[in-house]
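Worksheet: one structure, shown below.
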């Protein structure tokens, strides 16, 4: 059939070109340069989750000039595609693969033992053959922002715009409420679930809805400045939780912290270069090599509040204080963490309850 | 309590405005007999073009203007394929939706997650001084008020001017209109471009005013809802306005409901706008006579100038 | 000549793509290699091409049956999701293993897709509601339903509270055909669908009725072909195919349920259907080509550092070029001044 012949011609001429082109393709690894494959689920932007990952791999490249090169894919939305992409990266000379989100964790768990290269996954839980994991104790950051919120609220109503009720978001929320109630036991926090990691219109509506219910400080897990801008529009405080948006939210960002994954990327690259990489689980919060960094504090914060936050930060870094130290009760009044002892890590990783003082529910199974 | 009510009303008006623009634009297009399914693509492209322009020029109005041009341009592309080249309008519209979405993602590469922060307008500051209503008036951007003017202008144009009559005639029977000597193709082009320009405004409003931020796919299906709106408004501008605010209301209700503690799973609340579209669509179009009396009879049918 | 316009469209899109690459400062020959040869230069690459093409071809065949009858099913994405929900739900909650599990899942998936497609069909035949809009709205509803299930009742209790279901047992997965790849027995279903689709459309009376209904509805009605039946057959065919594709993802590359089941296959399949001229054999080729486009997009990111939005852009451009090429192939353009045309009419 004529159509088949024409198609064949196209393929043949392309094949002919291939021989001339093989030399120019960058499939061949240059000697001595470690190629690191990084796969983003969403688009890389100026703020938010993907931005922090991007900042980290750029820091990694900068820490080993000329020796480490990152090949980056973004918008790999689905697990099916992530699997193929990781495999392609592994077969094309990338000796270290970085997964950037928990939805890639299942894929990497499956692939890592078979691929023969080092793999790391952000927000993964357990290590396995060839797979290390790293995650931030962001609740340490939200606890500190909670202290600021508890002290600065005038209505005693806080607001939280949650994306999805996954453990990371839940323990962040709980940390926030615990921090606030540690300085102001009368505070309550209303929760709205946006059901999307990034839907600016809905996030803005959520903030407005919370304001109409008297919240005068809102926090959440924002990937964009929308929540902060919406709060500013209404004249209330916003908290840059896992993101410093003060470049956009000029006046009304109360306090903020960021995620800094550079340590994880740099350590993974360093060990791979030195040949002594081992699967490690890094779950770190505040501190010099940690993944949580407090950032811009609003000048309106009174000195004694800043002092309280700083004191708690030092205690956390020194290991003397754990934000989830009992007694902690959940919304129904049931005691979840015994008095005097900190919560176990495994309970945090799989947390599915909200602390007392939170108003709003979790979708139940 | 009244504070909450006012918040809900304002939120509803704001949420409905992009739908008003996009649906009114599509209404004019469809009245001329052209079915342009690519509204989602035109809205997204309008959104990113408006956002980029507003960021570069620090002026929302220039952004809106640029978005109108972008929307009209995409609509022209569709018009060339569907009107001049007489291709299947459904397929061409779908192609436009996909293409427009991809184009917006590409253009938006460097702008994802960035925010548009502009100094507060001095006009707004003056208006807000007005006693009683001032503070509420300024919560709505002028584009919201302009959308009402647009509605009035379109109603007047369609039903009280000769040009509007000709447009409707083209939609009802292009062959007759052509025989009388009206330039059917040109009128359809203009109507389609107008629809594209309005979709562009809707997108720009969403990206520069409603949220002041760009993220990929931020219209989240509003273009398709606008298409549905035109149908169940039975191609009457006043009903388009009502329908748009109905949607705006359903969309905001789910969030206010969550905060008020209504124990419905958030996914169910999020489905409401889409389910509501289906229900209203069914209620209106099951009356075939009503539809037949109001739908442009030549809608979606290609027009061959030489008979 | 029938297949000339897709080829012209492909070539035009290729030219458009190369121009884009040159404008972005890339070597066009390297780009050509990356886009066409590189993704399929290994056995794994070829198997991935087939795995990705399978749902596209399957859904497109089902949709084509409807499109030929002027029944516009835009809800394949939602029907795929419901197929995934039904089949996944069966595997997770009703049965636990056995040789019959997989066939039961396949049936459940097809039924799920058909149920979801029956809604727009019903609303169109009984209430005259536009099936484009209804099926499209149902896409969003289906997606939200899956999201609700995965974040809620179906969440894996051993899954550290991540939004995912329990992994499916081995009996619930398609057997792998080529070890070391992901190519599974699901592709056999696709082949069967292509053959059945072709047979129904080109060799049966029902197919003939559908095609006539699409080409000239008044004539079809005059001949006694029921439009209602055409709508039902068209929608259910698309729904069943999309539902089967849903099973294909769950019992195939996914192996469990996640908050989304499909990277937009339901929409891409519409383009595949048109590119294949609404004919199952043509769809076989256009599906493979579309799959190559996806893989090329990833290769372009890895090897050429091009942005990920390129894929969506190309798909849309392809459809536009196709519609333009259609005209060039099917019509002769006569350039004549307007007045002479008017004289011709009167």
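Protein chains in written order, with our numbering: chain A, 7 to 371; chain B, -10 to 296; chain C, 213 to 558.
For every residue, glycine included, the Cβ atom is placed at its ideal position computed from N, Cα and C.
- How should residue 264(C) be labelled, buried or exposed, when 16 other C-beta atoms within 10 angstroms of its C-beta is the threshold for buried? Mapped onto the third chain, residue 264(C) falls at position 52. Residue 264(C) should be labelled buried.
- Query: Roughly how many angstroms lie between the CA atoms of residue 76(B) and residue 70(B), to the nearest whole one?
  - Reply: Here residue 76(B) refers to the residue found at position 87 of the second chain. Here residue 70(B) refers to the residue found at position 81 of the second chain. Looking at the two C-alpha atoms, the distance is approximately 6 Å.
- 8 Å contact criterion, which residue 203(B) and residue -1(B) should meet: CB distance rounded: By 1-based counting over the second chain, the position of residue 203(B) is 214. By 1-based counting over the second chain, the position of residue -1(B) is 10. Incorrect: roughly 23 Å between the Cβ atoms, too far for contact.
- Task: Write down the C-beta distance between residue 129(A) and residue 376(C) rounded to the nearest angstrom, noting that I regard them as a contact closer than 8 Å.
- Result: The residue labelled residue 129(A) in the question sits at position 123 within the first chain. The residue labelled residue 376(C) in the question sits at position 164 within the third chain. About 13 Å; that fails the 8 Å criterion.
- Query: Which residue spans inside the segment 393 to 448 of chain C form an unbroken alpha helix (DSSP H) run of at least 4?
  - Reply: 398 to 415, 417 to 427, 429 to 434
- Query: In chain order, what residues of the same chain have a beta carbon less than 6 Å from the beta carbon of residue 342(A), not counting five sequence neighbours either side?
  - Reply: Within the first chain, the letter at position 336 stands for residue 342(A). Taken in chain order, the residues that qualify are 334, 336.
- Query: Are any of the Cβ atoms in chain A nearer than 7 Å to that of residue 465(C)?
  - Reply: Here residue 465(C) refers to the residue found at position 253 when the third chain is read from its first residue. Output row for residue 465(C): interface = yes.
- Which runs of the alpha helix (DSSP H), 4 residues or longer, sit entirely within the segment 304 to 374 of chain C? 313 to 339, 343 to 363
- Check whether the Cβ atoms of residue 488(C) and residue 498(C) sit closer than 7 Å, and answer yes or no. In the third chain, residue 488(C) corresponds to position 276, counting from 1. In the third chain, residue 498(C) corresponds to position 286, counting from 1. Contact: yes.
- Pull up the distance between the alpha-carbon of residue 239(B) and that of residue 261(B), whole angstroms please. On the second chain, residue 239(B) is found 250 positions in, with the first residue counted as 1. On the second chain, residue 261(B) is found 272 positions in, with the first residue counted as 1. Rounded to the nearest angstrom, the two C-alpha atoms are 7 Å apart.
- Query: For residue 470(C), which residues in chain A fall below 9 Å Cβ to Cβ?
  - Reply: In the third chain, residue 470(C) corresponds to position 258, counting from 1. The answer, in chain order, is 84, 85, 109, 112.
- By DSSP, does residue 362(A) sit in helix, in strand, or in coil? Walking along the first chain from the start, residue 362(A) turns up at place 356. Correct three-state label for residue 362(A): coil.
- Query: CB-CB under 6 Å to residue 138(A), same chain, minus the five flanking residues each way: which ones, in chain order?
  - Reply: Stepping through the first chain from its first residue, residue 138(A) is reached at position 132. The answer, listed in chain order, is 126, 285, 286.
- Query: Secondary structure at residue 232(A), three-state DSSP: helix, strand or coil?
  - Reply: Indexing the first chain from 1 puts residue 232(A) at position 226. Residue 232(A): helix per DSSP, three-state reduction.
- Item | Paired residues, beta bridge with residue 263(A) - DSSP | To locate residue 263(A), count along the first chain from 1; it is residue 257. Answer is 300(A).
- residue 205(A) by DSSP, collapsed to three states: which one? On the first chain, position 199 is the one that residue 205(A) refers to. If DSSP states are grouped into helix, strand and coil, residue 205(A) belongs with coil.
- For the segment 296 to 349 of chain A, list the alpha helix (DSSP H) runs that are entirely contained and at least 4 residues long, ordered along the chain. 309 to 323
- Query: Does the segment 101 to 112 of chain B come within contact of the segment 49 to 58 of chain A, defined as at least 3 CB pairs closer than 8 Å?
  - Reply: yes
- Message: So, at 7 Å on beta carbons, what are the nonlocal neighbours of residue 82(B) in its own chain, with the 5 sequence-adjacent residues on each side left out?
- Response: Here residue 82(B) is taken as the residue at index 93 of the second chain, counted from 1. For residue 82(B), where only same-chain residues beyond five positions count, the Cβ hits under 7 Å are 24, 25, 26, 27, 67.
- Message: At the 7 Å Cβ level, is residue 219(A) part of the contact set with chain B, yes or no?
- Response: As a working note, residue 219(A) is residue 213 in the first chain. Judged by the 7 Å Cβ criterion, residue 219(A) is in contact with chain B.
- What's the C-alpha gap between residue 41(A) and residue 102(A)? Stepping through the first chain from its first residue, residue 41(A) is reached at position 35. Stepping through the first chain from its first residue, residue 102(A) is reached at position 96. About 7 Å.
- Message: Please report the straight-line C-alpha distance between residue 184(B) and residue 35(B), rounded to a whole angstrom.
- Response: Position 195 of the second chain, counting from 1, holds the residue named residue 184(B). Position 46 of the second chain, counting from 1, holds the residue named residue 35(B). Rounded to the nearest angstrom, the two C-alpha atoms are 12 Å apart.
- Please list the residues of the segment 490 to 505 of chain C that have a C-beta atom closer than 7 Å to any C-beta atom in chain A, keeping them in chain order. none
- Compare the C-beta of residue 250(A) with all C-beta atoms of chain B and state if any pair is closer than 7 Å. Taking the first chain and counting its residues from 1, one reaches residue 250(A) at position 244. Residue 250(A) does not count as touching chain B.
- Item | Helix, strand or coil at residue 24(B) according to DSSP, with G and I counted as helix | Against the second chain, residue 24(B) aligns to sequence position 35. Coil.
- Item | Beta carbon of residue 39(A) nearer than 7 Å to that of residue 79(A) | Position 33 of the first chain, counting from 1, holds the residue named residue 39(A). Position 73 of the first chain, counting from 1, holds the residue named residue 79(A). Cβ distance not < 7 Å, so residue 39(A) and residue 79(A) don't count as in contact.
- Sequence ranges, alpha helix (DSSP H) only - wholly within the segment 195 to 223 of chain B, length at least 4: 211 to 221
- Could you confirm whether any beta carbon from chain C is found closer than 7 Å to the beta carbon of residue 197(A)? Within the first chain, residue 197(A) is the residue found at index 191, counting from 1. No, residue 197(A) lies away from the interface with chain C (no Cβ there is under 7 Å from its Cβ).
- Whose CA, out of 251(A), 347(A), 316(A), 175(A), lies closest to the CA of residue 359(A)? Position 353 of the first chain, counted from the first residue, corresponds to residue 359(A). Here the closest residue by C-alpha is 175(A).
- Compute the beta-carbon to beta-carbon distance between residue 57(A) and residue 288(A), rounded to the nearest angstrom, for a pair I have assumed lies under 8 Å. The sequence position of residue 57(A) within the first chain is 51, counting from 1. The sequence position of residue 288(A) within the first chain is 282, counting from 1. Between residue 288(A) and residue 57(A) the Cβ distance is about 20 Å, and since that is not below 8 Å, they are no contact.
- Message: Using 8 Å for Cβ pairs, my map puts residue 189(B) next to residue 60(B). What's the rounded Cβ distance?
- Response: Position 200 of the second chain holds residue 189(B). Position 71 of the second chain holds residue 60(B). That belief holds up - the Cβ atoms of residue 189(B) and residue 60(B) are roughly 3 Å apart, short of 8 Å.
- Message: Less than 7 Å between the C-beta atoms of residue 354(C) and residue 290(C), yes or no?
- Response: To locate residue 354(C), count along the third chain from 1; it is residue 142. To locate residue 290(C), count along the third chain from 1; it is residue 78. Yes, these two residues count as a Cβ contact at 7 Å.
- Task: Go through its chain and collect everything with a Cβ distance to residue 179(A)'s Cβ below 6 Å, but skip five positions before and after it.
- Result: For the purposes of this step, residue 179(A) is identified with residue 173 of the first chain, where counting begins at 1. Counting only Cβ-Cβ distances below 6 Å, and skipping sequence neighbours, we find 166.
- Query: In chain order, what residues of the segment 227 to 259 of chain A put their CB closer than 9 Å to some CB of chain B?
  - Reply: 229, 230, 231, 232, 234, 235, 236, 239, 251, 253, 254, 255, 256
- Message: Are the CB atoms of residue 194(A) and residue 163(A) within a distance shorter than 7 Å?
- Response: Position 157 of the first chain, counting from 1, holds the residue named residue 163(A). Position 188 of the first chain, counting from 1, holds the residue named residue 194(A). Yes.
- When Cβ atoms are compared, which residues of the segment 471 to 482 of chain C fall closer than 7 Å to chain A? 472, 475
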